[in-house]
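Here's the structure we're looking at; comments come further down.
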Amino acid sequence: MILDMEDIKVDETDTVVIRPRAFDPDNDRLVFTVSDPIGNDFRWKTNYQDNGDYEIDVTVSDGELTDTKKVRVFVENINRIPMFESISPVTAGENEEVIIPISVLDPDKDPVELYLEDAPEGAELVNNTLRYKSGYDIAGKDGVKEVLITLVAADWKSTVKQTVLIKVKDVNRAPVMIESNPAEKVKAYLNEPVVFSTKTMDYDDDTLSYSWRFGAFGKAEGAAAMKRTFKRTGTKTIKLIVSDGDASITKKWEVDVIGKRPKPIVPKTKKVLKFSVDNNLAKDAVTTVVIE
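Letter by letter, the sequence shown follows residues 178 to 469 of the working numbering.
Okay, structure coming up:
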């Protein structure tokens, strides 16, 4: 006769051990058999996905008679946390969009929610894709800024975090020309100066240099304005290159030198005759004429 056995409770991946005992009045040799999944080794190493309620038959025999009892084994589910696939560091320039597909596996095939924790400005998660775009001035002049973005994956019970490293490098912005004078096509006279000027700015606050080019060989380094006097007629090209040391912009003027400025025409002064008549004079009297 098999002695009573208590139910067994374990977690997934635990080992179930059963130790049946029996009493035989004749002291005969007893042989036990145990149904699967424990089996006659009296041990069962559970695994994930083995959670459930099992009814185990334990049978004892003395060679002639048998006795069977049932024992219940409860295997509790152990939640396995979601797992991120490895994400390597990414390097990008300022204002450059970074796109990183995110892959998360759940060993238990549970639904997984994915979201960002304390996301920096410019970061968003769309359809399991991380998108990040920094602004300018984040890295500093010729610098590199390390941006850490924390991803969170959560199933019904557990959460796990993954940090993504994005190295943002400084990006130089070219100077910007706000206005220029005169117009791109201009007429000029011989031996009369023309002032060419521009108003520029640099979003990175870099120091700007101004390089002027006059035709094939003439050049000068100067400021944002240049006075030029032309000695010969014809079409001339004036070019200004504004540089921050890395990037540059160019402005061109086409000058049509048409000769000397014509002298102004001075109109001749007309003489005005004024007549004054004294009505009291006789008809044969002399009239005085005043010329001014």
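Just so it is clear, CB atoms sit at the ideal spot from N, CA and C, and this is done for glycine as well. As the structure is a prediction and not an experimental result, all values here were calculated from the model.
**OP:** Take W333 as the anchor and find which of T327, P259, K318, V341 has the nearest alpha-carbon.
**Re:** Looking up residue 333 in the sequence shown gives position 156. For W333, the nearest C-alpha among the options comes from P259.
Original post:
Quick one: any contact between the stretch 398 to 418 and the stretch 334 to 353, if contact means 3 or more CB pairs under 8 angstroms?
Top reply: no
Subject >> Supposed close pair V275, V281 - CB separation, criterion 8 angstroms >> reply: Position 98 of the sequence shown holds residue 275. Position 104 of the sequence shown holds residue 281. The pair is not a contact, with the Cβ atoms about 19 angstroms apart (cut-off 8 angstroms).
Original post:
Between I418, S374, T245, P439, which lies nearest to N358 when the distance is taken from Cα to Cα?
Top reply: By 1-based counting over the sequence shown, the position of residue 358 is 181. Answer by Cα proximity: S374.
Original post:
Exposed or buried, which one is T190 when buried takes at least 16 other CB atoms within 10 Å?
Top reply: In the sequence shown, residue 190 corresponds to position 13, counting from 1. T190 comes out exposed.
Original post:
Where does L417 land, buried or exposed, given buried means 16+ other C-beta within 10 angstroms?
Top reply: Stepping through the sequence shown from its first residue, residue 417 is reached at position 240. Buried: at least 16 other Cβ atoms inside 10 Å.
**OP:** Decide if the stretch 292 to 311 is in contact with the stretch 362 to 369; the criterion is three or more beta carbon pairs, one per stretch, under 8 angstroms apart.
**Re:** no
Subject >> Min CB distance G317 to chain C below 8 angstroms >> reply: Absence of chain C from the displayed structure is noted, only one protein chain being present.
**OP:** Determine the DSSP secondary structure at F472, reduced to helix, strand or coil.
**Re:** Nothing about residue 472 can be reported from this structure: the residues present for the chain run from 178 to 469 only.
Subject >> Of the residues D203, Q226, P197, N224, the one placed nearest N217, counting alpha carbons only >> reply: On the sequence shown, residue 217 is found 40 positions in, with the first residue counted as 1. N217 has its Cα closest to that of P197, out of D203, Q226, P197, N224.
**OP:** Give a yes or no on whether the C-beta atoms belonging to D234 and T245 are separated by under 8 angstroms.
**Re:** Taking the sequence shown and counting its residues from 1, one reaches residue 234 at position 57. Taking the sequence shown and counting its residues from 1, one reaches residue 245 at position 68. Taking 8 angstroms as the Cβ cut-off, D234 and T245 qualify as a contacting pair.
Original post:
Expressed to the nearest angstrom, what Euclidean distance is found between the alpha-carbon atoms of L307 and M403?
Top reply: For the purposes of this step, residue 307 is taken as residue 130 along the sequence shown, with counting starting at 1. For the purposes of this step, residue 403 is taken as residue 226 along the sequence shown, with counting starting at 1. Whole-angstrom Cα-Cα distance: 51 angstroms.
**OP:** Output yes or no for whether 8 angstroms exceeds the beta carbon distance between V237 and I185.
**Re:** The residue you call residue 237 lines up with position 60 of the sequence shown. The residue you call residue 185 lines up with position 8 of the sequence shown. Against a cut-off of 8 angstroms, the Cβ pair of I185 and V237 comes out as no contact.
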